[in-house]
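Just so we're aligned, residue 701 is where the sequence shown starts under the numbering used here, counting upward by one.
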Amino acid sequence: MTEARTVWGTGLSTIAGDGTVLDAWFPEVTAVEPSEADAAAAASALEGFAVADERRNVTIEVVHLHIDLDDAPTSTPDAYLRLHALSHLLVRPNELNLDGIFAHLPNVAWTNAGPMHPGDAERLRPALQRAGIQVQGLDKFPRLTDYVQPAGVRIADASRVRLGAHLSPGTTVMHEGFVNFNAGTLGASMVEGRISQGVVVGDGSDIGGGSSIMGTLSGGGSHRVSIGARTLLGANAGIGISLGDDCVVEAGLYVTAGTKIVLADGPATADGGRKTVKGAELSGRDGLLIRRNSLSGAVEAVERAGVGVTLNDALHA
701 MTEARTVWGT GLSTIAGDGT VLDAWFPEVT AVEPSEADAA AAASALEGFA VADERRNVTI
761 EVVHLHIDLD DAPTSTPDAY LRLHALSHLL VRPNELNLDG IFAHLPNVAW TNAGPMHPGD
821 AERLRPALQR AGIQVQGLDK FPRLTDYVQP AGVRIADASR VRLGAHLSPG TTVMHEGFVN
881 FNAGTLGASM VEGRISQGVV VGDGSDIGGG SSIMGTLSGG GSHRVSIGAR TLLGANAGIG
941 ISLGDDCVVE AGLYVTAGTK IVLADGPATA DGGRKTVKGA ELSGRDGLLI RRNSLSGAVE
1001 AVERAGVGVT LNDALHA
């Protein structure tokens, strides 16, 4: 896959009554510079939607933008175009500059009629109720499906996938699954747990129900966790290290960089035991089963033979 480094987009931006730019929607994002005629046609197709909505105290304007993904975001439409580029699969997570993006994403009252300023949502509450407009969330990020409909993807609960999620065809996100921005899947995957910011999951992997993958937004960490192909993160398990291809983490087991892990099938030590390493030393290794010994309680790693999990082809078609 050749990553885009420059992207163009023509879309609609919502502006609150106090001048706050709330969002930008780009129906098409391209890595190829459009001709003047194509750009004009794209803008013309959207002109009819560039109107005021007095109910939400917002105006909508056409915006045409061209950005370099290696530069830091400079505005709210710029930040939204980057999130669109991720969700349109023009660029993979961690392969574009998102430095300072939060400063360009205002907190927004997300309603069933579109975004609005939180202060206006509070002030206009009686009129909004009469109009059937409900606030569904207060956040810097909107739902993915309000802006991008990813091809070949199933999402059971749209509120649990943010714009900026990178979901490859064949991915299924079940009701308890969550995918943050700048994170996602590189192939067909089952997601029933949490994929945090910066995390990528390889083709054919299964993120079990209630499981968690440590991101880099909290805790001061710098390691970006990744999961390889055909790997299973068991139900209610969690990781703070990367997993390679064909790995399994036992259900309910949380493995961090500092977890002491016994190499159960490794060479014996001088005292007759087995070598113990920190989880960080196994980060990214292929073909591992990481489990808890039901008798001793020790966390163990053993080598696995053959391939890992196999997804249901019919489910992910």
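No residue lacks a Cβ here, since even glycine has one placed at the ideal position from N, Cα and C.
Fair warning: this is a prediction, and the values are worked out from it, not measured in the lab.
Taking the Cβ atom as the reference point for each residue, do residue i and residue j lie within a distance shorter than 8 Å?
i	j	result
cysteine 947	aspartate 986	yes
glycine 852	tryptophan 810	no
glycine 966	leucine 943	no
valine 999	valine 955	yes
leucine 746	valine 758	no
glycine 887	proline 793	no
Measuring straight from C-alpha to C-alpha, what distance separates residue i and residue j?
i	j	result
histidine 764	tryptophan 725	11 Å
lysine 840	proline 773	15 Å
glycine 893	glycine 864	18 Å
alanine 964	leucine 989	10 Å
threonine 959	valine 721	45 Å
asparagine 936	proline 734	47 Å
alanine 883	alanine 803	20 Å
glycine 717	glycine 934	48 Å
alanine 856	leucine 805	26 Å
serine 905	leucine 789	19 Å
isoleucine 801	histidine 784	13 Å
isoleucine 913	threonine 845	23 Å
glycine 908	isoleucine 939	12 Å
arginine 825	histidine 866	35 Å
isoleucine 833	isoleucine 941	43 Å
asparagine 993	glutamate 822	54 Å
Helix, strand or coil for residue i, going by three-state DSSP, please let me know.
i	result
glycine 974	For the record, residue 974 in the displayed sequence is arginine; it is not glycine. Strand, per DSSP.
isoleucine 833	coil
proline 793	coil
aspartate 846	helix
aspartate 723	strand
List the DSSP bridge partners of residue i.
i	result
tyrosine 954	Gly938
glutamate 747	Partner(s): none; glutamate 747 has no beta bridge.
Assuming residue i contacts residue j under a Cβ cut-off of 8 Å, what Cβ separation, rounded to an integer in Å, is found between them?
i	j	result
leucine 712	isoleucine 760	5 Å
valine 900	methionine 874	With a Cβ gap of about 19 Å, valine 900 and methionine 874 do not count as contacting.
aspartate 768	arginine 705	7 Å
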